[in-house]
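Before any comments, here is the structure.
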Ligand SMILES: Cc1cc2nc3c(=O)[nH]c(=O)nc-3n(C[C@H](O)[C@H](O)[C@H](O)COP(=O)(O)OP(=O)(O)OC[C@H]3O[C@@H](n4cnc5c(N)ncnc54)[C@H](O)[C@@H]3O)c2cc1C
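Numbering (my numbering), first residue to last: 1 to 395.
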C-alpha cells in the first residue's frame, strides 16, 4: 500500500472530531487514521468498510471541502488531513472485503440500484439475508449511472461493483420499472420491501411549450445512457439555469459539444451548492458564469422555437429558511440574451408520493436514500442504506 504516513501523522486526534460529524456517511475517520498509525492496515480497512462499502466512490465524488477536509482543524493553519486519499488507498488495497453471512430465512426486496440500495444490500448479505434488487435501468449506480457524466466518473467502476455484489449473492433484476401494484406484490413475497428510487422529480419553471426548453436530469440521462443530445450538438448557444452539481454536470457535458454555454443563477456564485472544484472545472471547460440573473420571459419565433431569453438582474437580501441569502429582482434591469436552447437545473424532489402517501410507508415497507429525505449526496445515501440494513437485521 502507498505510504500514507504524512496523512495519518497530520491528524491532531481532536477530542471532538469535526471531520467525523461532518461526514454524511458517518465514517469514523479518527479511528481509521489511528489504526494506520498503529501500522494495522487491515484494521483501518475494516473500520472504514464497517460504515462505507464504496470508499472508491466517496473518495472521488464527495464534497470533501464542505465535509471531512473542510472541517479538519489542521486545515485552519495548513493543509487539512487528506482522508479521501486514505479512502482511495484502502479501497485499492482491500477491495470490497465482504463475505456473505450464514443464510437466514429473511428475504428483502429493494427497488432501485443506486448507492443507498447497494449499501443496504451489502450489509444485508453480510448478515446472510436473501436480497433481490429490481432496477429500471440495465446497470447499477442510480444517479451515478444516469446523471454523473463519464468524464467525472468512469462507468466501468459500476460493472466491477456489480460483479462484487453478485459474488456476494445479491440477485439483480434489471430493466424492471415497478409500479405500485408490483410493489404490493413484492410486499406479499418478501419479508421487507425497501424503496430506494431516488429523487427524480425535477423542479420546473412555468415555461411556454417549446421543444428547445429542457429539464437537466432527463437530458443528462439521455446523454449518459443513449448518447442522445437532442440535436443540441448543432446549436450555437445554450443557457443553463442552476447552481448545483446537476447544473455543472449538464453545462460541462454541453460545452464539450463546442457550443457556447452560459450558466445563469439567481444568487451569487458563493451561494452555489455545487462543489467548489466543479465550479472551477466548469469555468476551465469554458462555461460562462452569469450569477445574480433570473429569467423574466422567453422569446419564441412564429414556429414556437426559442430565439432568446429576457433576463433580469438580481440582488441579495436577508438569509432565507435555507440559510442562504434571499434574492430580489432589480427593477428595470432587464436585458436580452440570444440563445437556441434553455436547460433548467433547479433542483429535484422525491417522487415517492407518486406511489405512496408518507403514512403508507410503514410496516414491512421502507424508504431509503434520496426518495426518503430529498436530493442529498452519495455518502448520505450509503449511510441511509446501511442504517436500514441494521434495522432489518435487528428485527
Ligand atoms: C447529475 C448529478 C450529479 C451528482 N453529483 C454528485 C456528486 O458529485 N457527489 C455526490 O455525493 N452526490 C452527487 N449527486 C447526488 C447523488 O448521486 C444522489 O444523492 C445519490 O445517487 C442518491 O442515491 P439513491 O440510492 O437514493 O438514489 P439514486 O441514485 O437516484 O437511484 C435510484 C434508482 O432507482 C431506480 N428507479 C427509480 N424508480 C424506479 C422504479 N419505479 N422501479 C425500479 N427502479 C426505479 C433508478 O433507475 C435509479 O437507478 C449527483 C446527482 C446528480 C443527479
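C-beta atoms are modelled at their ideal positions from N, C-alpha and C, and glycine is treated no differently.
- With respect to the C-alpha of residue 343, the residue from 278, 145, 219 having the closest C-alpha is 219.
- Per the coordinates, the alpha-carbon of residue 249 lies some 43 Å from the alpha-carbon of residue 105.
- Residue 188 and residue 372 have their alpha carbons spaced roughly 22 Å apart.
- Our two residues, residue 76 and residue 85, have alpha carbons roughly 19 Å apart in a direct line.
- Runs of the alpha helix (DSSP H) spanning 4 or more residues and lying entirely within the stretch 353-389 occur at 370-373, in chain order.
- Distances from the CB of residue 252 to the heavy atoms of ligand 1 are all 7 Å or more.
- In the DSSP assignment, residue 245 falls within the alpha helix (DSSP H) that extends over 245-255.
- Following the DSSP letters along the chain, one finds residue 227 in no beta strand (DSSP E), marked with neither H nor E.
- With a contact defined as Cβ atoms closer than 8 Å, residue 366 and residue 192 qualify at about 7 Å.
- In the structure shown, the three-state DSSP call for residue 320 is coil.
- Of the heavy atoms belonging to ligand 1, none sits nearer than 7 Å to the Cβ of residue 255.
- Of the candidates 110, 78, 285, 118, 118 places its Cα closest to the Cα of residue 57.
- For residue 325, there is no enclosing alpha helix (DSSP H); the enclosing beta strand (DSSP E) covers residues 325-329.
- DSSP places residue 33 in the uninterrupted alpha helix (DSSP H) bounded by 29-37.
- For residue 67, the CB stays at least 7 Å from every heavy atom of ligand 1.
- Three or more Cβ pairs drawn from the stretch 373-386 and the stretch 24-39 lie within less than 8 Å of each other, which places the two stretches in contact.
- Restricting attention to 178, 295, 12, the CA atom closest to the CA of residue 338 is found in 295.
- Per the coordinates, the alpha-carbon of residue 73 lies some 26 Å from the alpha-carbon of residue 54.
- By the Cβ rule, the stretch 107-117 does not count as touching the stretch 200-209, because fewer than three pairs are nearer than 8 Å.
- DSSP, reduced to helix, strand and coil, places residue 279 within a helical segment of the structure shown.
- Following the DSSP letters along the chain, one finds residue 47 inside the alpha helix (DSSP H) bounded by residues 41-51.
- The shortest C-alpha to C-alpha distance from residue 282 to any of 243, 176, 317, 65 is the one to 243.
- Under the three-state reduction of DSSP, residue 12 is assigned to coil, being neither helix nor strand.
- Membership of residue 86 in the alpha helix (DSSP H) is indicated by the continuous run 83-93.
- Across the structure, residue 67 and residue 315 are spaced so that their CA atoms are roughly 29 Å apart.
- In this structure, the alpha-carbon of residue 302 lies about 24 Å from that of residue 260.
- Placement of the Cβ of residue 272 at a distance of 7 Å or more from every heavy atom of ligand 1 is found.
- Counted as a single uninterrupted DSSP element, the alpha helix (DSSP H) harbouring residue 144 occupies residues 143-146.
- In the DSSP assignment, residue 309 is bridged to 298, 337.
- Per DSSP, reduced to three states, the secondary structure at residue 346 is coil, with no helix or strand assignment.
- Boundaries around residue 123 are those of the alpha helix (DSSP H), 115-126, since no beta strand (DSSP E) includes it.
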